[in-house]
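With the UniProt record's numbering, the residue at position 146 of the sequence shown is 146, and numbering never jumps.
Okay, so here's the structure we're looking at.
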Amino acid sequence: MAFGGITAVFWLLVLTQVHGGASLSSGTADGMERWGYVEVRPKAHIFWWYIQSLQRVPSPMKPWPTILWLQGGPGQSGIGLGNFAEIGPLDVDLNPRNSTWLQKADLIFVENPVGVGFSYVDDLSALAKTDLQAAKDLAELLKELAKEIPTLQSSPLFLVGESYGGKLAAKTGVLVARAIRAGTLELTLGGVVLGDSWISPDDYALSYPWLLEGVSRLDDNAVGKGIMMAVKVKQQMAAGQFVAAYTTWVNLLDMIDSRSGSVNMENFMLDTTVSSVLSDSAARPLLLPGNSQAANNGSNKVSDTVNGFLKQKFKIIPKDFIWQQVSLQVFDALANDFMKPAINEVDELLSYGVNVTVYNGQYDVICSTLGAEAWVKRLKWDGLHNFLSLPRKPLHYCHPYYLTNGFVRSYKNLHFYWILGAGHTLFRL
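Right under this line is the structure:
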């Protein structure tokens with residue numbers, strides 16, 4: 001595949017004007033990969049990377065899907081974490097990944113919000129300051145990608161977001177669905193997938209004490225204190241005091257850390273000091289300002305690979321630009337929106353008939369399954385009662401007599417997957 005071999009690569013550079021800004025793109029001679037920059041707003045440049053699957057089989061009866069992957073944070077780079085650690089064709093050592101999602105779909109990695117990874121702003125004032133702005137930037141990008149990627153208009157597009165990326169996927173999905181309905185965007189929205197997603201912060205906060213008591217990580221005293229702090233988060237959010245709610249939520253996490261023996265909030269089976277992968281703060285989906293570790297570029301191996309192998313491969317990255325796995329500037333710019341929920345956006349997607357898939361790992365705490373079940377029950381969607389009335393179906397890997405690996409419940413266009421044995425980042429169990 002072209003991703004793994006730079007030999008016989010023919011570089012195509014195209015410079016066009018888009019809404020007063022520039023679009024710079026490049027790719028491989030066989031068309032299997034394309035990448036580039038789109039100036040979605042003045043001084044705001046988003047980087048994207050499209051990889052076509054070798055397994056792609058054109059079929060009018062069953063069109064081959066395309067997945068647009070959105071990383072969490074906000075401030076995480078999908079090219080670093082999502083690509084090398086989760087779903088891309090190669091791991092960080094550039095060895096083929098047997099479980100790459102390219103086996104089932106074409107992939108698009110987008111460095112969003114602007115300022116993440118290879119994306120950049122000419123001035124810090126151009127950073128997205130609201131979730132809506134970040135979603136509008138993505139919708140603007142898709143207008144350009146619909147022209148840039150020949151296969152996209154005939155391929156159902158799935159917006160897949162992990163953690164905070166799921167929140168942005170829901171908000172972007174609404175804008176895309178509206179544009180398609182209005183006839184201003186020629187795409188087929190196959191669905192929106194919310195993976196351990198930060199949809200309802202108060203529901204998650206309220207779940208922490210009960211979940212951690214149930215797995216013996218908190219005692220009664222800590223649970224009582226945790227409930228009071230979580231209720232305060234909910235009250236502050238209801239009053240529109242989202243910055244104050246964020247502070248209370250951080251204090252709740254600090255209390256849990258001190259009273260639980262430093263339980264890992266991404267996987268309650270671990271402590272924060274046990275796993276070098278899961279405890280690496282640069283790989284955490286929800287970043288905390290002031291975390292000096294998170295600002296230190298995370299894994300040197302990922303950084304070296306992206307700034308070496310990929311930067312040389314792409315050739316259009318600004319010469320002195322240094323890629324980083326996380327951007328605290330992006331996180332801080334969105335601080336006022338961090339605790340705002342996105343339940344209404346999920347409701348709107350369902351009302352349009354858009355497929356919405358929710359999946360959650362059993363061991364996750366930060367975006368727990370209990371919390372996800374709670375916010376789903378708050379939906380106003382007219383199919384909710386029937387959805388909740390259905391029994392779950394067990395899932396087995398490869399063979400019906402194997403151990404149960406999860407459960408699924410589906411009704412119309414809402415699908416919920418319970419993934420057993422998984423933490424917050426589903427693909428790093």
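The beta-carbon is built from N, C-alpha and C at its ideal position, and this holds for glycine as well.
*Out of Asn413, Thr369, Lys380 and Ser389, state which residue places its alpha-carbon closest to the alpha-carbon of Gly421.*
Along the sequence shown, one-based indexing puts residue 421 at 421. Comparing Cα-Cα distances from Gly421 to each of Asn413, Thr369, Lys380 and Ser389, the minimum goes to Thr369.
_Pop quiz: Ile46 and Glu148 are said to be a contact at Cβ under 8 Å. What is the actual Cβ separation, rounded to whole angstroms?_
For the purposes of this step, residue 46 is taken as residue 46 along the sequence shown, with counting starting at 1. For the purposes of this step, residue 148 is taken as residue 148 along the sequence shown, with counting starting at 1. Rounded to the nearest angstrom, the Cβ distance from Ile46 to Glu148 is 12 Å, too far for a contact under 8 Å.
*Could you tell me whether the Cβ atoms of Gly423 and Asp364 are closer together than 8 Å?*
If you number the sequence shown from 1, residue 423 lands on position 423. If you number the sequence shown from 1, residue 364 lands on position 364. Going by C-beta atoms, Gly423 is nearer than 8 Å to Asp364.
*What are the complete beta strand (DSSP E) segments, minimum 3 residues, inside the region 154-226?*
Scanning the region 154-226 from its first residue to its last, the whole beta strand (DSSP E) runs of 3-plus residues come out as 156-162 and 188-195.
*What's the C-alpha gap between Tyr411 and Leu395?*
As a working note, residue 411 is residue 411 in the sequence shown. As a working note, residue 395 is residue 395 in the sequence shown. The straight-line gap from Cα to Cα measures roughly 16 Å.
_Cutoff 6 Å; reference Gly173; Cβ partners in own chain excluding five residues on either side_ = For the purposes of this step, residue 173 is taken as the residue at position 173 of the sequence shown. Taken in chain order, the residues that qualify are Leu159, Val192 and Leu349.
*Taking just the CA atoms, how far does Tyr417 sit from Trp101?*
For the purposes of this step, residue 101 is taken as the residue at position 101 of the sequence shown. For the purposes of this step, residue 417 is taken as the residue at position 417 of the sequence shown. Distance between the alpha carbons of Trp101 and Tyr417: 18 Å.
*Does the pairing of the region 163-180 with the region 338-354 give three or more beta-carbon distances under 8 Å?*
By the criterion of at least three beta-carbon pairs nearer than 8 Å, the region 163-180 is in contact with the region 338-354.
*Considering only C-alpha positions, which residue in the set Arg181, Lys143 and Leu132 is nearest to Gly165?*
Within the sequence shown, the letter at position 165 stands for residue 165. For the options Arg181, Lys143 and Leu132, the alpha carbon positioned closest to that of Gly165 is the one of Leu132.
_I want to know whether the region 74-91 touches the region 135-149 - three or more CB-CB distances under 8 Å._
A contact is defined here as three or more CB-CB pairs under 8 Å, and the region 74-91 fails this definition with respect to the region 135-149.
_Please report the straight-line C-alpha distance between Gln55 and Asp320, rounded to a whole angstrom._
Here residue 55 corresponds to residue number 55 of the sequence shown, with the count starting at 1. Here residue 320 corresponds to residue number 320 of the sequence shown, with the count starting at 1. Using only the alpha carbons, I get a separation of about 37 Å.
*Count the other CB atoms within 10 Å of the CB of Ser99; is the residue buried (16 or more) or exposed (fewer)?*
Your numbering for residue 99 matches position 99 in the sequence shown. Exposed.
_Give me the residue from Glu345, Asn264, Ile419 and Lys377 with the minimum Cα distance to Trp215._
Within the sequence shown, numbered from 1, the residue matching residue 215 stands at position 215. For clarity, residue 215 is Val in the given sequence; the question names Trp instead. Ranking the options by Cα distance to Val215, first place goes to Asn264.
*asked:* If you follow the alpha helix (DSSP H) that His385 is in, where does it begin and where does it stop?
replied: Numbered from its first residue, the sequence shown carries residue 385 at position 385. Segment Leu384 to Ser389, the alpha helix (DSSP H) holding His385.
*First through last residue of the alpha helix (DSSP H) which encompasses Thr305*: Taking the sequence shown and counting its residues from 1, one reaches residue 305 at position 305. From DSSP, the alpha helix (DSSP H) with Thr305 extends over Asn300 to Thr305.
*Compare the C-beta of Phe242 against all C-beta atoms of chain E and say whether one is closer than 8 Å.*
As a matter of chain content, chain E is missing from the structure shown, which is built from one protein chain.
*Measuring CA to CA, which of Gln324, Glu86, Asp30 and Gly183 is closest to Gly115?*
Walking along the sequence shown from the start, residue 115 turns up at place 115. Ranking the options by Cα distance to Gly115, first place goes to Gln324.
*Using the rule of at least 16 other Cβ atoms within 10 Å of the residue's Cβ for burial, across every protein chain shown, is Thr305 buried or exposed?*
Reading the sequence shown from its first residue, position 305 is the one you call residue 305. Buried.
*asked:* Rounded to whole angstroms, what is the Cα-Cα separation between Gln52 and Gly190?
replied: For the purposes of this step, residue 52 is identified with residue 52 of the sequence shown, where counting begins at 1. For the purposes of this step, residue 190 is identified with residue 190 of the sequence shown, where counting begins at 1. Cα-Cα distance, rounded: 17 Å.
_Neighbourhood of Val180 by C-beta distance below 7 Å, restricted to the same chain and skipping five residues each side_ = Sequence index remark: in the sequence shown, residue 180 carries index 180 (1-based). Per the sequence shown, residue 180 should be read as Ile rather than Val. Result list for Ile180: Leu187 and Leu189, in chain order.
*Check Gln325 in the structure and name its three-state DSSP category.*
In the sequence shown, the residue the question calls residue 325 occupies position 325. In the structure shown, Gln325 sits in coil (DSSP, three-state: anything other than H, G, I, E or B).
_Residue range of the alpha helix (DSSP H) that includes Lys147_ = Numbered from 1 along the sequence shown, position 147 holds the residue referred to as residue 147. Its alpha helix (DSSP H) spans residues Asp131 to Glu148.
_By DSSP's criteria, Pro42 is part of a beta bridge. Which residues make up the other side?_
What you label residue 42 is simply residue 42 of the sequence shown in a count that begins at 1. Pro42 is not bridged by DSSP to any residue.
*Would you check if the distance between the CB atom of Val330 and the CB atom of Leu127 is smaller than 8 Å?*
Residue mapping note: residue 330 aligns to position 330 of the sequence shown, counting from 1. Residue mapping note: residue 127 aligns to position 127 of the sequence shown, counting from 1. Contact flag set, yes.
*asked:* Taking the straight line between their C-alpha atoms, what separation do you get for Ser258 and Tyr246?
replied: Indexing the sequence shown from 1 puts residue 258 at position 258. Indexing the sequence shown from 1 puts residue 246 at position 246. Cα atoms of Ser258 and Tyr246: separation of roughly 19 Å, rounded to the nearest angstrom.
*With DSSP collapsed to three states, give me the class of Asp106.*
Here residue 106 refers to the residue found at position 106 of the sequence shown. Three-state result, Asp106: strand.
*What do you reckon, are the CB atoms on Pro113 and Leu328 nearer than 8 Å?*
Along the sequence shown, read from residue 1 onward, the residue named residue 113 stands at position 113. Along the sequence shown, read from residue 1 onward, the residue named residue 328 stands at position 328. Result no, Cβ atoms of Pro113 and Leu328 do not sit closer than 8 Å.
*Excluding the 5 residues preceding and the 5 following Val408 in the sequence, name in chain order all residues of the same chain whose CB lies nearer than 8 Å to its CB.*
Here residue 408 corresponds to residue number 408 of the sequence shown, with the count starting at 1. Hits under 8 Å: Arg392, Lys393, Leu395, His415, Phe416, Tyr417 and Trp418.
_Distance, Met339 Cα to Lys380 Cα_ = For the purposes of this step, residue 380 is taken as the residue at position 380 of the sequence shown. For the purposes of this step, residue 339 is taken as the residue at position 339 of the sequence shown. In this structure, the alpha-carbon of Lys380 lies about 21 Å from that of Met339.
_Buried/exposed call for Asp254, threshold 16 Cβ in 10 Å_ = Within the sequence shown, numbered from 1, the residue matching residue 254 stands at position 254. Burial state of Asp254 is exposed, judged by a 10 Å Cβ sphere holding fewer than 16 other Cβ atoms.
*Does the beta-carbon distance from Trp48 to Gly36 come in below 8 Å?*
Here residue 48 refers to the residue found at position 48 when the sequence shown is read from its first residue. Here residue 36 refers to the residue found at position 36 when the sequence shown is read from its first residue. Yes. Within cutoff.
_Distance between Ser260 and Ala239 (C-alpha atoms, nearest Å)_ = In the sequence shown, counting from the first residue as 1, residue 239 sits at position 239. In the sequence shown, counting from the first residue as 1, residue 260 sits at position 260. Cα-Cα distance, rounded: 30 Å.
*Thinking just about the alpha-carbon of each residue, which of Leu212, Asp123 and Ala135 is nearest to the one in Arg178?*
Locating residue 178 in the sequence shown gives position 178, where the first residue counts as 1. For the residues Leu212, Asp123 and Ala135, the minimum Cα distance to Arg178 belongs to Ala135.
*Tell whether a beta-carbon distance below 8 Å holds between Val231 and Leu252.*
Locating residue 231 in the sequence shown gives position 231, where the first residue counts as 1. Locating residue 252 in the sequence shown gives position 252, where the first residue counts as 1. No. Outside cutoff.
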